[in-house]
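To start, the structure under review is shown below, and the notes come after it.
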Amino acid sequence: MGFHRRRACLALTQAALLLAAAGGAGAAGFPDRALRLVVPFPAGGAADIMARGLAQQLTEQLGQQVVIENRGGAGGTTAAEAVAHAAPDGYTLFFATMGTQAINPSLYPKLRYDPIKDFEYVSLTHTTPRVLVVHPSVPARTVEELIALAKAQPGALTYGSAGNGSSSHLSGALFSSMADVRLLHVPYKGSAPLLNDVLAGRVSMTFDSYAVYAEHIRSGKVRALGVTSLKRMSALPDVPAIAEAGLPGYDVSNWLGLLAPRGTPAAVVDRLHGAVVRGMADESARRRLAGMGIEATSSTPAEFADLVRTEIPKWEAVVKKSGATVD
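In case it helps, mature numbering (1 follows the signal peptide of the UniProt record, and there is no 0) puts the sequence shown at residues -27 to -1, 1 to 300.
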């Protein structure tokens, strides 16, 4: 090997060592400023409620402020795309949902992000079933009565969702398909504006988070007919699972978690993961979430990514069977 070539190789080696040292130092000092947690729905909805609790836990664990940025629109794709193309330094994070990672690939043929390849998976954070609630003007007090009403009046009943492609959208689409009824889908830009129209009776019903509707169920402003998981919810012990109340086999349990852009250093991902695990193990936070029908959880990055890989074909089948679209 010639002198100049040896010098070039030595220079490249030294540069690589310097970069590695710099990366290690950066990870060791992470975070040294505020972080941004992008939420794919507007403020006031279920995802926002969970994200704000998570941000508080991360702030306490990391010693830096975690600031919420609500970026609703297009079933969460707008927010997901923004984070997928953000700087991979750990300071821009994504509060991912079942919709953004597992449902959207089947609903949006020109999706501008890859739910697996464009992100570093950090941890699951929450799991929660949805609640089927109707406005009191709907003359149905059970799931069976609702199905009978929908069969008698095809297309007359409306169900609102937090947006095209959201899990509340697909919950209703799956219900319609399995019950063999025709319900009119009305998409909103998040759970908060949807809630207003459900309470006003401008839409007949929705499949949404108990956290959003808890006080309205208790006050009688809406009527809970069933929960979307196979088992009853501890926060609503007297409300049956839809599967036991007229639609055997119906099962939709939503999950959410923390992601970073692809290329975020492994040491930074590890730091974030540890913060999530410690934060979600906090007993007071767990009790508060349980009262809203939400389970605080955590996972390894690999477990979270594997879950998404499993859920994508599952929801692809649901989309095809139900005929759900984003139009």
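Every residue gets a Cβ at the ideal spot worked out from N, C-alpha and C, and that includes glycine.
Inset, instruction - Have a look at Asp279, Trp228 and Thr65 and flag the residue whose alpha-carbon is nearest the alpha-carbon of phenylalanine 3. - result: Stepping through the sequence shown from its first residue, residue 3 is reached at position 30. Ranking Asp279, Trp228 and Thr65 by Cα distance to phenylalanine 3 puts Thr65 first.
Legend entry - the stretch 284 to 293 touching the stretch 195 to 213, judged by at least three CB pairs closer than 8 Å: Using a Cβ-Cβ distance cut-off of 8 Å, the stretch 284 to 293 and the stretch 195 to 213 are not in contact, since fewer than three pairs of beta carbons, one from each stretch, lie closer than that value.
Inset, instruction - Could you give the DSSP three-state label for aspartate 279: helix, strand or coil? - result: As a working mapping, residue 279 is identified with position 306 in the sequence shown. In the structure shown, aspartate 279 sits in a helix (DSSP, three-state: H, G or I).
Legend entry - Rounded separation between glycine 296 and isoleucine 285 - CA only: Here residue 296 refers to the residue found at position 323 of the sequence shown. Here residue 285 refers to the residue found at position 312 of the sequence shown. Pairing glycine 296 with isoleucine 285, the inter-Cα distance amounts to about 16 Å.
Inset, instruction - Might you give, ordered along the chain, the residues of its own chain that have their beta carbon closer than 8 Å to the beta carbon of phenylalanine 151, omitting 5 neighbours on each side? - result: Taking the first residue of the sequence shown as position 1, residue 151 is located at position 178. In the sequence on display, residue 151 carries methionine and not phenylalanine. Hits under 8 Å: Leu220, Gly222 and Tyr223.
Inset, instruction - Determine, using beta carbons only, whether residue 301 and arginine 191 come nearer to each other than 9 Å. - result: Coverage of the chain is limited to positions -27 through 300, which leaves residue 301 absent and any answer about it impossible.
Legend entry - Residue closest to glycine 63, alpha-carbon to alpha-carbon, out of Arg196, Asp21 and Asp5: The residue labelled residue 63 in the question sits at position 90 within the sequence shown. For glycine 63, the nearest C-alpha among the options comes from Asp5.
Legend entry - CB contact flag (glycine 18, serine 182, <9 Å): For the purposes of this step, residue 18 is taken as residue 45 along the sequence shown, with counting starting at 1. For the purposes of this step, residue 182 is taken as residue 209 along the sequence shown, with counting starting at 1. Closer than 9 Å, so yes.
Inset, instruction - Would you check if the stretch 29 to 43 and the stretch 8 to 16 touch, i.e. whether three or more CB-CB distances between them fall below 8 Å? - result: Yes, they touch.
Inset, instruction - Count the other C-beta atoms from every protein chain shown that fall within 10 angstroms of the C-beta of glutamine 126, then say buried if there are 16 or more, exposed otherwise. - result: Position 153 of the sequence shown holds residue 126. By the neighbour-count criterion, in which 16 or more other beta carbons inside 10 Å mark a residue as buried, glutamine 126 falls on the exposed side.
Inset, instruction - Below 8 Å CB to CB, which residues in the same chain sit around residue 307 once its five sequence neighbours on both sides are set aside? - result: This structure gives no information on residue 307, because the portion of the chain shown stretches from -27 to 300.
Inset, instruction - Starting from the C-beta of glutamate 118, find all residues in its chain whose C-beta is less than 8 Å away, skip the five residues before and the five after it, and write them out in chain order. - result: Counting from 1 along the sequence shown, the entry for residue 118 is found at position 145. Taken in chain order, the residues that qualify are Pro112.
Legend entry - Closest by C-alpha distance to phenylalanine 14, when choosing among Gly138, Ser257, Leu147 and Arg175: Residue 14 sits at position 41 when you count from the first residue of the sequence shown. Nearest of Gly138, Ser257, Leu147 and Arg175 to phenylalanine 14, Cα basis: Gly138.
Inset, instruction - Look at the Cβ atom of leucine 172, then the Cβ atom of valine 195, and state whether they are nearer than 9 Å. - result: Here residue 172 corresponds to residue number 199 of the sequence shown, with the count starting at 1. Here residue 195 corresponds to residue number 222 of the sequence shown, with the count starting at 1. Yes, the Cβ-Cβ distance between leucine 172 and valine 195 is below 9 Å.
Inset, instruction - Measure the CB-CB distance between valine 299 and glycine 48 and report whether it falls below 9 Å. - result: Against the sequence shown, residue 299 aligns to sequence position 326. Against the sequence shown, residue 48 aligns to sequence position 75. It is a contact, given that the beta carbons lie within the stated cut-off.
Legend entry - Residue interval of the alpha helix (DSSP H) (run including alanine 233): Counted from its first residue, the sequence shown places residue 233 at position 260. DSSP places alanine 233 in no alpha helix (DSSP H) but in the uninterrupted beta strand (DSSP E) bounded by 226 to 234.
Inset, instruction - Figure out for me which residue from His142, Ser202 and Ala187 has the closest Cα to the Cα of residue 312. - result: The question about residue 312 has no answer here: the residues shown for the chain are numbered -27 through 300.
Legend entry - Boundaries of the alpha helix (DSSP H) in which tyrosine 223 is found, first to last residue: Taking the sequence shown and counting its residues from 1, one reaches residue 223 at position 250. First-last for tyrosine 223: undefined, no H or E at that position.
Legend entry - Proximity of leucine 229 and alanine 20 at Cβ, strictly below 9 Å: Position 256 of the sequence shown, counting from 1, holds the residue named residue 229. Position 47 of the sequence shown, counting from 1, holds the residue named residue 20. It is a contact, given that the beta carbons lie within the stated cut-off.
Legend entry - Beta-carbon proximity of threonine 98 to alanine 254, cut-off 9 Å: For this step, residue 98 is matched to residue 125 along the sequence shown. For this step, residue 254 is matched to residue 281 along the sequence shown. Not closer than 9 Å, so no.
Inset, instruction - Could you say which of Gln29, Arg261, Asp91 and Ala1 lies nearest to valine 249 if we only look at CA atoms? - result: Stepping through the sequence shown from its first residue, residue 249 is reached at position 276. Of the listed residues, the one whose Cα sits closest to valine 249 is Gln29.
Legend entry - Within 9 Å, strictly: CB atoms of serine 271 and serine 96: The count along the sequence shown starts at 1 and reaches residue 271 at position 298. The count along the sequence shown starts at 1 and reaches residue 96 at position 123. Yes; because the gap between Cβ atoms is below 9 Å, this pair is in contact.
Inset, instruction - Classify histidine 108 as helix, strand or coil using the three-state DSSP reduction. - result: For the purposes of this step, residue 108 is taken as the residue at position 135 of the sequence shown. Here histidine 108 sits in coil by DSSP.
Legend entry - Counted within 10 angstroms of its Cβ, other Cβ atoms place proline 103 as buried (16 or more) or exposed: Numbered from 1 along the sequence shown, position 130 holds the residue referred to as residue 103. One detail in the question is off: residue 103 reads as arginine in this sequence, not proline. The residue in question, arginine 103, is buried, as its Cβ has 16 or more Cβ neighbours within 10 Å.
Legend entry - Chain-order list of residues whose beta-carbon lies under 6 Å from that of valine 159 (same chain, five-residue window excluded): Position 186 of the sequence shown, counting from 1, holds the residue named residue 159. Closer than 6 Å at Cβ, skipping near neighbours: Thr131, Gly133 and Val176.
Legend entry - Given glycine 264 as reference, the closest of Val185, Tyr161 and Leu27 once Cα atoms are compared: Here the question's residue 264 lines up with position 291 in the sequence shown. When each option's Cα is compared against that of glycine 264, the closest is Val185.
Legend entry - Cβ neighbour criterion (16 or more within 10 Å) applied to glutamate 93: For the purposes of this step, residue 93 is identified with residue 120 of the sequence shown, where counting begins at 1. Looking at its Cβ environment, which holds 16 or more other Cβ atoms inside 10 Å, glutamate 93 is buried.
Inset, instruction - Please report the residue range of the alpha helix (DSSP H) in which methionine 265 lies. - result: Taking the sequence shown and counting its residues from 1, one reaches residue 265 at position 292. Where methionine 265 is concerned, there is no enclosing alpha helix (DSSP H), given that its DSSP letter is neither H nor E.
Inset, instruction - Within its chain, find whatever has a CB closer than 8 Å to the CB of leucine 80; leave out the 5 residues flanking it on each side and keep chain order. - result: Working through the sequence shown from its first residue, we reach residue 80 at position 107. Result list for leucine 80: Gly48, Asn137, Gly138, Val292, Ala297, Thr298 and Val299, in chain order.
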